[in-house]
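> Residue numbers (the UniProt record's numbering): 1 to 659.
C-beta: ideal position from N, C-alpha, C; glycine also.
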Amino acid sequence: MTDVPENAPESCPGTQSEKAGKTSACAGCPNQKACSTGVPQVDPDIDLIKERMAFVRHKVREQGCYDFNKILVLSGKGGVGKSSVTTSLAYVMSNLAGNDGKPLNVGVLDIDICGPSQARMFGCENESVHSSEEGWAPVFVKDNLFVMSISFLVESRNDAIIWRGPRKNALIKQFLRDVDWGNVDFLLIDTPPGTSDEHISVVQLLLQSSQLDGALIVTTPQEISLLDVRKEVNFCIKTKVPVLGVIENMAEFVCPNCSTHSQLFPSTTGGALGMCKELGEGLQLLASLPLDPKLGKSLDMGNAGKFFEKLEDSVIVHKEFKKLAETILKKCENEEACSTGVPQIDPDIDLIKERMAFVRHKILVLSGKGGVGKSSVTTSLAYVMSNLSGNDGKPLNVCLTIYEFFSRLEKILVGVLDIDICGPSQARMFGCENESVHSSEEGWAPVFVKDNLFVMSISFLVESRNDAIIWRGPRKNALIKQFLRDVDWGNVDFLLIDTPPGTSDEHISVVQLLLQSSQLDGALIVTTPQEISLLDVRKEVNFCIKTKVSILGVIENMAEFICPNCSTHSQLFPSTTGGALGMCKELGEGLEVLASLPLDPKLGKSLDMGNAGKFFEKLEDSVIVHKEFKKLAETILKKCKEEEVKEENDRLEENGTGN
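#1: Where are the alpha helix (DSSP H) runs, 4 residues long or more, that stay fully inside the stretch 191–272, in chain order?
#2: Run the CB neighbour count on glycine 28, radius 10 Å, all protein chains shown included, and call it buried at 16 or more, exposed below.
#3: Report the rounded CA-to-CA distance for glycine 135 versus isoleucine 508, giving the unit in angstroms.
#4: Compare the Cα-Cα distances from alanine 90 to each of Cys563, Lys70 and Gly270 and report the closest residue.
#5: Please classify proline 256: is it buried, with 16 or more other beta-carbons within 10 angstroms of its beta-carbon, or exposed?
#6: Just checking, does the stretch 102–119 make contact with the stretch 528–548 on the three C-beta pairs under 8 Å criterion?
#7: Got a sec? Which residues, its chain only, sit under 6 Å from serine 596 by beta carbon, not counting five neighbours each side?
#8: By the three-class DSSP mapping on this structure, what secondary structure does arginine 157 have?
#9: Should valine 218 and asparagine 249 be called a contact, given that it needs their Cβ atoms to be closer than 7 Å?
#10: Please say whether glutamate 540 and leucine 366 have beta carbons closer to each other than 7 Å?
#11: Would you list the residues sitting across from serine 288 in a DSSP beta bridge?
#12: Given that a residue counts as buried once 16 or more other Cβ atoms are within 10 Å of its Cβ, and exposed if not, what is asparagine 565?
#13: Please report the residue range of the beta strand (DSSP E) in which leucine 594 lies.
#14: Counting Cβ pairs closer than 8 Å, one from the stretch 199–213 and one from the stretch 48–57, do we hit at least three?
#15: Is the distance from the Cβ of serine 425 to the Cβ of serine 375 below 7 Å?
#16: Using alpha carbons as the reference points, say which of Glu589, Ser84, Asn649 and Lys142 lies closest to leucine 299.
#17: Just the C-alpha distance for lysine 639 and alanine 382, rounded to the nearest angstrom, thanks.
#18: Nearest to aspartate 600 by CA position, among Leu205, Val377, Leu286 and Thr191, is which residue?
#19: From the DSSP output, in three-state form, read off methionine 148 for me.
#20: Taking the straight line between their C-alpha atoms, what separation do you get for leucine 409 and methionine 609?
#21: Is the distance from the Cβ of isoleucine 469 to the Cβ of cysteine 422 below 7 Å?
#22: Please go through the stretch 548–573 and give each complete alpha helix (DSSP H) segment of 4 or more residues, from N-terminal end onward.
#23: Considering only the alpha carbon of each residue, which of Leu603, Lys297, Leu96 and Val108 lies closest to glycine 578?
#24: Return the chain-ordered list of same chain residues with a C-beta closer than 7 Å to the C-beta of asparagine 397, the five sequence neighbours on each side being excluded.
#25: Per DSSP, what are the beta-bridge partners of alanine 445 in this structure?
#26: Closer than 6 Å: is that where the CB of phenylalanine 307 sits relative to any heavy atom of the ligand MN?
#27: Who are the near neighbours of proline 221 in its chain, counting only those whose CB is closer than 8 Å to its CB and skipping five residues on each side?
#28: When you compare only the Cα positions, how much space is there between glutamate 643 and isoleucine 551?
#29: Between the Cα of lysine 630 and those of Pro242, Ser389, Glu592 and Arg355, spot the shortest distance and give me the residue it belongs to.
#30: Answer with buried or exposed for isoleucine 352, where buried requires no fewer than 16 other C-beta atoms within 10 angstroms of its C-beta.
#31: Taking the alpha carbon of tryptophan 471 as the point to measure from, which residue in Ser75, Pro103, Val80 and Glu198 has its own alpha carbon closest?
#32: Once DSSP output is grouped into helix, strand and coil, what is the label at aspartate 180?
#33: Quick test of the definition: if touching needs 3 or more C-beta pairs under 8 Å, does the stretch 274–281 touch the stretch 309–324?
#34: Straight-line CA distance for threonine 528 to leucine 295?
#35: Out of Ile150, Ser94, Glu589 and Asn95, state which residue places its alpha-carbon closest to the alpha-carbon of aspartate 110.
#36: Please state the DSSP three-state secondary structure of leucine 479.
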């Protein structure tokens, strides 16, 4: 596993590389001597963490021994409900009794630094951390349930945490070293999606200082999610973390009107069970959980405790979560023992500037929360935009109607750059994951989806789709720079940049590099209607304000589901605070909702199978979805053209040649 020290330069090859301490980048690094001799540095905090973690245990009093129960909750893909499952599981486990008949003591540590949600879902986001000689005290949800999160340390819930890896790693270490959990039976550690800095840090620190019981991996049934689960399994194998099992979330939705069972995220490859059989490795499916809007609403309002007290609210969900909690308890009992700073002058900026000069419009696609469908929206939008008519090289005459403008022009050229390094999905959704990158004197050639639609992703550079990308920030940043510098897009009208959830290394790097070298038209922010997602959208808005990135607008995805049997409209992710529209009105800043998109399992299945192009050619498949995406694409195109005209007029006026 690659390990880059926190105080290392950006181009550090890693302490476990054969080149450690021997490259030109190592000159002047304080770690050079230790790296070159192969002698690992001793972390003085390990003993302190070991002492603190000794109190996190499941005490089996009848047997007179202790089992340490620290469990990672992982997800390769964002938005599969990992945090919701963690919160729900913590509540249910805290209602169970240990071998001594007393309720279990359960702690939850949220190490999703850029997109924390546990404080909101536990209903304690207005609390703050209290410290004493014993350390930081976690926030009490009830007598035997506690939580710790960065949410308790920031002044405003809207503040974007724009941190690179080293600062996040330092806070995780501080959480493990300084939080006084007392005697806790289970510590559930809620991680961000992927296999990046946070995961490397928490695993290294816990394995060096104590014991890590294992990992729970949360997924949804579709292959686009299972692809990243395979990477999580690979990560666990590489880091020697036992996999306790897989949890399939949102397996189905039962219509409240007619009781029809619908697969919202259809499985095209056998779902989680099929994947477990395929991978072997003793991999077990622990639970298959339905999507319950009542539970989602309770979590969004921060009162899931009441939900789990009122059994009649949802008998199936209660039963499945209780079975899951008891299974985990049994497994554990049987177990044998950075601040952005001032950017330096980068010699690659001029090369990136030269490359980006051929890309007319560059748009970031952001989401604070994982799993809101950001990548699906990006793919769908790219297909729809590539089917529209684009500019013929002349500025937009805003006096023309949109219809007149589109009808007189040729189709536009669209590129998609996937910078979700640890959890790429564009190659799969475009149906080209078996392709590879070709290079020439002009640079790397993107993969052609069709004549006017191209994509670039790390997926084309790895040997196996199951390989976990276990990289810290510097390596991810270097690849993003290489993408911007070396990919030969040709003359492209629009470049959609699909980012991972949050506001971390990838976001800082791409924004800094583009703003220094060229122009960034703005950002689209994708969300779902519930407040737990909108909380992180506020952080994305704050990120854009801080980094001076224009916000083109907000896209509310999965706004509703229309039952295919009775046409009942259901809010799968109920809004408790007015949804995206309410948030835009609250924040002001000229923020607007560009589209409210329904969840369509047919589109989801098409994306999962990599043939969404056919979906968008057959209008009769889903008239509503086609119509909404076309309206969205036209709105974005119009916004960019109007801004282009405005900039041209400003330039002419500045030069004294305007009318």
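The answer reads as follows:
#1: 197–209 and 223–239
#2: As a working note, residue 28 is residue 28 in the sequence shown. With fewer than 16 other Cβ atoms within 10 Å, it is exposed.
#3: As a first step, residue 135 must be located in the sequence shown, where it is residue number 135. As a first step, residue 508 must be located in the sequence shown, where it is residue number 508. Using only the alpha carbons, I get a separation of about 32 Å.
#4: Within the sequence shown, the letter at position 90 stands for residue 90. Ranking the options by Cα distance to alanine 90, first place goes to Lys70.
#5: For the purposes of this step, residue 256 is identified with residue 256 of the sequence shown, where counting begins at 1. Burial call: exposed.
#6: yes
#7: The residue given as residue 596 occupies position 596 in the sequence shown. Here the set comprises Glu556 and Ala559.
#8: Taking the first residue of the sequence shown as position 1, residue 157 is located at position 157. Arginine 157 falls in the coil class under three-state DSSP.
#9: For the purposes of this step, residue 218 is taken as the residue at position 218 of the sequence shown. For the purposes of this step, residue 249 is taken as the residue at position 249 of the sequence shown. Yes.
#10: Here residue 366 corresponds to residue number 366 of the sequence shown, with the count starting at 1. Here residue 540 corresponds to residue number 540 of the sequence shown, with the count starting at 1. Yes. Within cutoff.
#11: Here residue 288 corresponds to residue number 288 of the sequence shown, with the count starting at 1. In the DSSP output, where bridge partners are listed per residue, serine 288 has Glu248.
#12: Within the sequence shown, residue 565 is the residue found at index 565, counting from 1. Under this definition asparagine 565 is an exposed residue.
#13: In the sequence shown, the residue the question calls residue 594 occupies position 594. From DSSP, the beta strand (DSSP E) with leucine 594 extends over 593–596.
#14: yes
#15: Translated into positions along the sequence shown, residue 425 becomes position 425. Translated into positions along the sequence shown, residue 375 becomes position 375. Contact flag set, yes.
#16: Sequence index remark: in the sequence shown, residue 299 carries index 299 (1-based). Nearest C-alpha to leucine 299: Ser84.
#17: As a first step, residue 639 is located in the sequence shown; it is residue number 639 there, counting from the start. As a first step, residue 382 is located in the sequence shown; it is residue number 382 there, counting from the start. Approximately 16 Å, taken between the alpha carbons.
#18: Taking the sequence shown and counting its residues from 1, one reaches residue 600 at position 600. For aspartate 600, the nearest C-alpha among the options comes from Val377.
#19: Along the sequence shown, one-based indexing puts residue 148 at 148. Strand, per DSSP.
#20: For the purposes of this step, residue 409 is taken as the residue at position 409 of the sequence shown. For the purposes of this step, residue 609 is taken as the residue at position 609 of the sequence shown. Per-residue confidence for leucine 409 stands at a pLDDT of 49, beneath the threshold of 50, marking its modelled position as unreliable; the derived number appears in the next sentence. For leucine 409 and methionine 609, the distance between alpha carbons rounds to 32 Å.
#21: Working through the sequence shown from its first residue, we reach residue 469 at position 469. Working through the sequence shown from its first residue, we reach residue 422 at position 422. Contact flag set, yes.
#22: none
#23: Walking along the sequence shown from the start, residue 578 turns up at place 578. Ranking the options by Cα distance to glycine 578, first place goes to Lys297.
#24: Reading the sequence shown from its first residue, position 397 is the one you call residue 397. The pLDDT assigned to asparagine 397 is 34, lower than 50, so where the model puts this residue is not dependable; a value taken from the coordinates is nonetheless given after this. Excluding residues within five positions, none has a Cβ falling inside 7 Å.
#25: Start at 1 with the first residue of the sequence shown, and residue 445 comes out as number 445. Paired residue(s): His438.
#26: The ligand MN is absent from the structure shown, which contains no ligands of any kind.
#27: Here residue 221 is taken as the residue at index 221 of the sequence shown, counted from 1. Glu248, Met250, Ala251, Gln263, Phe265, Pro266, Ser267, Gly271 and Ala272.
#28: As a first step, residue 643 is located in the sequence shown; it is residue number 643 there, counting from the start. As a first step, residue 551 is located in the sequence shown; it is residue number 551 there, counting from the start. Approximately 12 Å between the Cα atoms of the pair.
#29: For the purposes of this step, residue 630 is taken as the residue at position 630 of the sequence shown. The residue with the shortest Cα to Cα distance from lysine 630 is Ser389.
#30: By one-based count along the sequence shown, residue 352 stands at place 352. Buried, since its Cβ has 16 or more Cβ neighbours within 10 Å.
#31: By 1-based counting over the sequence shown, the position of residue 471 is 471. Ranking the options by Cα distance to tryptophan 471, first place goes to Glu198.
#32: Position 180 of the sequence shown, counted from the start, is the residue given in the question as residue 180. Residue state, collapsed to three classes: coil.
#33: no
#34: What you label residue 528 is simply residue 528 of the sequence shown in a count that begins at 1. What you label residue 295 is simply residue 295 of the sequence shown in a count that begins at 1. Going by the C-alpha atoms only, they are around 16 Å apart.
#35: As a first step, residue 110 is located in the sequence shown; it is residue number 110 there, counting from the start. For aspartate 110, the nearest C-alpha among the options comes from Ile150.
#36: Working through the sequence shown from its first residue, we reach residue 479 at position 479. Reduced to three states, the DSSP call for leucine 479 is helix.
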